[in-house]
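Read through the structure below, which is laid out as structure tokens, and then see the notes.
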Amino acid sequence: MLEGVSQTGVNEWEVPVGYVPGMRVPGKFFLSELLGKSLESGAIQQLANVATMPGIIRNSLAMPDIHWGYGFPIGGVAAFSLDEGVISPGGVGFDINCGVRLLTTPLAQKDISGRRDLIEELFRAVPTGVGGKSSLRISQPDLERMMIKGASWAVDSGYGTKRDLIRCEDGGYMKEADCHTVSTKARQRGVPQGGTLGSGNHFLEMQLVSEIFDPEAAQAFGIRLGQICCMIHCGSRGLGHQVCTDHLKLLEMATKKYHITIPDRQLACAPITSTEGKDYFGAMAASANYAWANRQLITHTTRQVLAKMFRIDYEDIPLIYDVAHNIAKIEEHEVDGKRMKVCVHRKGATRAFGPDSDEIPFELKKIGQPVIIPGSMGTSSFVLRGTKTAMEKTFGSTCHGAGRIMSRTQAKKNLSGKDITANLLKAGIIVRAHSENAIADEAPEVYKSSDEVVNVVHDVGISRLVARLSPLGVIKG
Amino acid sequence: MSFEEISHTADVKIRARALTLGALFSEAFLALMQVLYGTDRKGGIVKEIQIESDNIESLLCDFLSEVLFIAEVKGLVFLRADIKIEGLHLTAILYGESFDPLRHSSGTEVKGISYSGLIIQKDANGYMLDILFDV
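Just so you know, the protein sequences line up as chains A and B, in that order.
Residue numbers for the first sequence follow my numbering, so the first one is 13 and each next one is one higher.
Residue numbers for the second sequence follow my numbering, so the first one is 42 and each next one is one higher.
Here it is in structure tokens:
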């Protein structure tokens, strides 16, 4: 493990105050010895930087998929006091409400194994990659409604079912959305991209439920062994990226105005109660809602493809859950024995609320919130459930994915897209992307083992394993 | 004058060198275009943009963010840029073509231009910069 970091428990580590100047609280992260071997000092520096921000409560936290990002580390979580704390786009990222959702189907492995035509049809129907444009005609009033009502706009417009909304974090929209602080530029980018997947690590994957760890939770969520599922991973597209760019600039001025000292310009921030802080929060929430609507639109397209190809009912492809993993939210948590509202930033981290939380669907209250963790291309994804331990230790948060260990430059040098595609095909996984580069960039070898990452959160208790999902076919940007 | 991609786990980190500040910005611009659209790019369409910022680092971030916006919204892919910098004012003439999915789909979307680790320096050999693109 890196110098200056001390172990405080099994898979639990502390970065002491003083690791970087101005830290207000210690940093804390969750990692196994094995994952510690690929930990970058830059990521710990970023974790420590977050601890210098005004109003931070208890710890600057990082999940076991921690890696070097910008502003917060990826896998970073921090809660801020509403009175003295700040809000920062560096704790959310450019891709506001990048997130993931899981649908189940009545299909079995024999129905879709080797079905290249399914993957080709999904690739044709869901716009992906650089320059991918929506076939939907989203008007300016529609865009406004997407930003205010999120997934419920899509459902009201015929792109889903009412039940979908119950199975989204926050019901698929943040009520704090404020379109007035979303620029014309952001809107211009948002109109043609509703219902598009994007590129990079975004994907749509057909998967098989290959292992059940927790039968009671799996049954409650609606997951059974041998079932075919579909996972969708994407965010708020150019609209969210522009909102982050615009507000970063405004918040940089605010950082000076409010005399806040920050160790990294990407951590530009403002008091949560300030005009600048409220403006960013409103625009961020509007972008988050756009992302929920976007995932709902892709869900609709996917259901149409599956329903037509396999002659199954649209309603027989239910949403298990949808989670955000780049977001800032006002949530109630227990701090020093008192319930209080705080602003939780999750940058590459997933909400994992435990049993009895008011924010989770009524029928899942005894079990805890479903947590969807995508694996890298060719490796397992997982369904977990939120726990009371997460509420105590991480403001109800857990990991968000595997976390990269190899740079894109190295990946392209070491791995050819063609070989990776052939190897995956041998393992029964069909991959479809616009370019071989995109495949080499996201090859399984460039990520930490998703098994190892989820085992750490399971062992620490900040979420518990429910099911393993194995990939069968994937489309990428 | 050149740019290279240097190792960064999650994102794309670019290091560029040039004799003048304008040429340095041009290298960062070329790197951005290459990451987004690959190397098969042509000229033809001309576009002028002007940017003013509070400091040189912001000028670079604001310029590249504006390029990202124009490229996406206008559906343009740029081959090169002539850049003039006077104080904290930038004028860029961009030469490009319309986005062609057959030739321009080998890249990856850039979500934003980050301030993290952004360095612009002058030394005996000219100028150098490090910049991070979120992909």
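Glycine residues also receive a C-beta, built at the ideal position from the N, C-alpha and C atoms.
Bear in mind the structure is a predicted one, so any value in this text is a computation, not a measurement.
For Val62 of chain A, which three-state DSSP category applies? To locate residue 62 of chain A, count along the first sequence from 1; it is residue 50. In the structure shown, Val62 of chain A sits in a helix (DSSP, three-state: H, G or I).
Alpha carbon to alpha carbon, what distance is there between Arg113 of chain A and Glu454 of chain A? Taking the first sequence and counting its residues from 1, one reaches residue 454 of chain A at position 442. Taking the first sequence and counting its residues from 1, one reaches residue 113 of chain A at position 101. So the alpha carbons of these two residues sit roughly 19 Å apart.
To the nearest angstrom, report how far apart Ala166 of chain A and Gly172 of chain A are at their CA atoms. Counted from its first residue, the first sequence places residue 166 of chain A at position 154. Counted from its first residue, the first sequence places residue 172 of chain A at position 160. Cα to Cα, Ala166 of chain A sits roughly 7 Å from Gly172 of chain A.
If you run the structure through DSSP and keep just helix, strand and coil, what is Met75 of chain A? As a position in the first sequence, residue 75 of chain A is number 63, starting the count at 1. Three-state DSSP puts Met75 of chain A in a strand.
Is the Cβ of Lys110 of chain B closer than 7 Å to any Cβ of chain A? As a first step, residue 110 of chain B is located in the second sequence; it is residue number 69 there, counting from the start. The amino acid occupying residue 110 of chain B in the given sequence is Phe; Lys does not appear at that position. Closer than 7 Å: yes.
Report the neighbours of Asp453 of chain A on chain B: residues whose CB is nearer than 9 Å to its CB, in chain order. Taking the first sequence and counting its residues from 1, the one referred to as residue 453 of chain A is at position 441. Here the neighbours are Thr149, Val176.
Give the residues of chain B in contact with Tyr82 of chain A, contact being defined as C-beta atoms less than 8 Å apart. Here the question's residue 82 of chain A lines up with position 70 in the first sequence. Here the neighbours are Asp52, Ser155, Tyr156, Ser157, Gly158, Leu173, Asp175.
Going residue by residue through the region 140-198 of chain A, where are the continuous alpha helix (DSSP H) segments of at least 4 residues, counting only ones entirely within it? 152-161, 163-168, 174-178
What does the Cβ neighbour count give for Ala59 of chain B, buried or exposed, with the cut at 16 atoms within 10 Å? If you number the second sequence from 1, residue 59 of chain B lands on position 18. By the neighbour-count rule (16 or more Cβ atoms within 10 Å), Ala59 of chain B is buried.
Do you know whose CA, among A:Val17, A:Asn23, A:Val22, A:Glu24, lies nearest Tyr31 of chain A's CA? The residue you call residue 31 of chain A lines up with position 19 of the first sequence. It is A:Val17.
Mind pulling the chain D residues with CB within less than 9 Å of Val87 of chain B? The question asks about chain D, but that chain is absent: this structure's protein chains are A and B.
Would you verify that the beta carbon of Lys125 of chain B is, or is not, closer than 7 Å to some beta carbon of chain A? Taking the first residue of the second sequence as 1, we reach residue 125 of chain B at position 84. With 7 Å as the cut-off, Lys125 of chain B does not count as an interface residue toward chain A.
Identify the continuous beta strand (DSSP E) that holds Asn338 of chain A and give its terminal residues. Your numbering for residue 338 of chain A matches position 326 in the first sequence. First-last of the beta strand (DSSP E) with Asn338 of chain A: 338-347.
Any Cβ of chain B within less than 7 Å of the Cβ of Ile86 of chain A? Taking the first residue of the first sequence as position 1, residue 86 of chain A is located at position 74. Chain B contact via Cβ: present.
Candidates A:Val221, A:Ser222, A:Arg236: closest to Glu228 of chain A by CA position: Your numbering for residue 228 of chain A matches position 216 in the first sequence. Of A:Val221, A:Ser222, A:Arg236, the residue nearest in Cα terms is A:Arg236.
Go ahead and pull the three-state DSSP assignment for Cys256 of chain A. Your numbering for residue 256 of chain A matches position 244 in the first sequence. If DSSP states are grouped into helix, strand and coil, Cys256 of chain A belongs with the helices.
When you check each C-beta in the region 92-107 of chain B against every C-beta of chain A, which residues fall closer than 8 Å? Glu98, Ser99, Asp103, Ser106
Residues in its own chain within less than 7 Å of Ile124 of chain B by CB, not counting five upstream and five downstream? Along the second sequence, read from residue 1 onward, the residue named residue 124 of chain B stands at position 83. Contacts found: Gly63, Phe66, Ser67, Leu131, Ala133.
Output yes or no for whether 7 Å exceeds the beta carbon distance between Thr406 of chain A and Leu73 of chain A. Taking the first sequence and counting its residues from 1, one reaches residue 406 of chain A at position 394. Taking the first sequence and counting its residues from 1, one reaches residue 73 of chain A at position 61. Yes.
Using the beta-carbon count (16 or more within 10 Å), is Lys359 of chain A buried or exposed? For the purposes of this step, residue 359 of chain A is identified with residue 347 of the first sequence, where counting begins at 1. By the 10 Å Cβ count, Lys359 of chain A comes out buried.
Are the C-beta of Glu113 of chain B and some C-beta of chain A separated by less than 7 Å? Position 72 of the second sequence, counted from the first residue, corresponds to residue 113 of chain B. Closer than 7 Å to some Cβ of chain A, the Cβ of Glu113 of chain B qualifies, so yes.
Between A:Gln422, A:Leu396, A:Asn61, which has its C-alpha nearest Arg476 of chain A's C-alpha? Translated into the one-based positions of the first sequence, residue 476 of chain A becomes position 464. Selected option, being the one with the closest Cα: A:Leu396.
Gly103 of chain A classed as buried or exposed, judged by whether at least 16 other C-beta atoms fall within 10 angstroms: Taking the first sequence and counting its residues from 1, the one referred to as residue 103 of chain A is at position 91. Label assigned to Gly103 of chain A: buried.
Determine the DSSP secondary structure at Phe365 of chain A, reduced to helix, strand or coil. The count along the first sequence starts at 1 and reaches residue 365 of chain A at position 353. Phe365 of chain A falls in the strand class under three-state DSSP.
Chain A contact for Ser48 of chain B (CB, 7 Å cutoff): Taking the first residue of the second sequence as position 1, residue 48 of chain B is located at position 7. It does: the Cβ of Ser48 of chain B has a partner Cβ on chain A nearer than 7 Å.
Output yes if chain A places a C-beta closer than 7 Å to the C-beta of Ser146 of chain B; else output no. As a working note, residue 146 of chain B is residue 105 in the second sequence. With 7 Å as the cut-off, Ser146 of chain B counts as an interface residue toward chain A.
Under 7 Å between beta-carbons, which chain B residues line up against Ser147 of chain A? List them in chain order, please. Start at 1 with the first residue of the first sequence, and residue 147 of chain A comes out as number 135. In chain order: nothing, as chain B lies at least about 14 Å away.
Is the shortest distance between the beta-carbon of Val142 of chain A and the beta-carbons of chain B less than 7 Å? Numbered from its first residue, the first sequence carries residue 142 of chain A at position 130. With 7 Å as the cut-off, Val142 of chain A counts as an interface residue toward chain B.
Rounded to the nearest angstrom, what separates Asn96 of chain B and Glu127 of chain B at their Cα positions? On the second sequence, position 55 is the one that residue 96 of chain B refers to. On the second sequence, position 86 is the one that residue 127 of chain B refers to. Cα-Cα distance, rounded: 12 Å.
Out of curiosity, what's the CA-to-CA distance linking Arg315 of chain A and Lys54 of chain B? Reading the first sequence from its first residue, position 303 is the one you call residue 315 of chain A. Reading the second sequence from its first residue, position 13 is the one you call residue 54 of chain B. Answer to the nearest angstrom: the Cα atoms are 38 Å apart.
Within its chain, find whatever has a CB closer than 8 Å to the CB of Asp200 of chain B; leave out the 5 residues flanking it on each side and keep chain order. With chain B running from 42 to 176 in the structure shown, residue 200 of chain B is simply not present.
Residue interval of the beta strand (DSSP E) (run including His245 of chain A): If you number the first sequence from 1, residue 245 of chain A lands on position 233. His245 of chain A -> beta strand (DSSP E) spans 239-246.
Tell me where the alpha helix (DSSP H) around Asp471 of chain A begins and ends. To locate residue 471 of chain A, count along the first sequence from 1; it is residue 459. Start and end: 462-472.
With DSSP run on the structure shown, which of helix, strand or coil describes Met389 of chain A? Counted from its first residue, the first sequence places residue 389 of chain A at position 377. Reduced to three states, the DSSP call for Met389 of chain A is coil.
Check whether chain B comes within 7 Å of Gln152 of chain A, counting only Cβ atoms and requiring the distance to be less than that. Stepping through the first sequence from its first residue, residue 152 of chain A is reached at position 140. Judged by the 7 Å Cβ criterion, Gln152 of chain A is not in contact with chain B.
Rounded to the nearest angstrom, how far is the Cβ of Gly207 of chain A from that of Ile310 of chain A, given a contact under 8 Å? As a first step, residue 207 of chain A is located in the first sequence; it is residue number 195 there, counting from the start. As a first step, residue 310 of chain A is located in the first sequence; it is residue number 298 there, counting from the start. That pair is a contact at about 6 Å.
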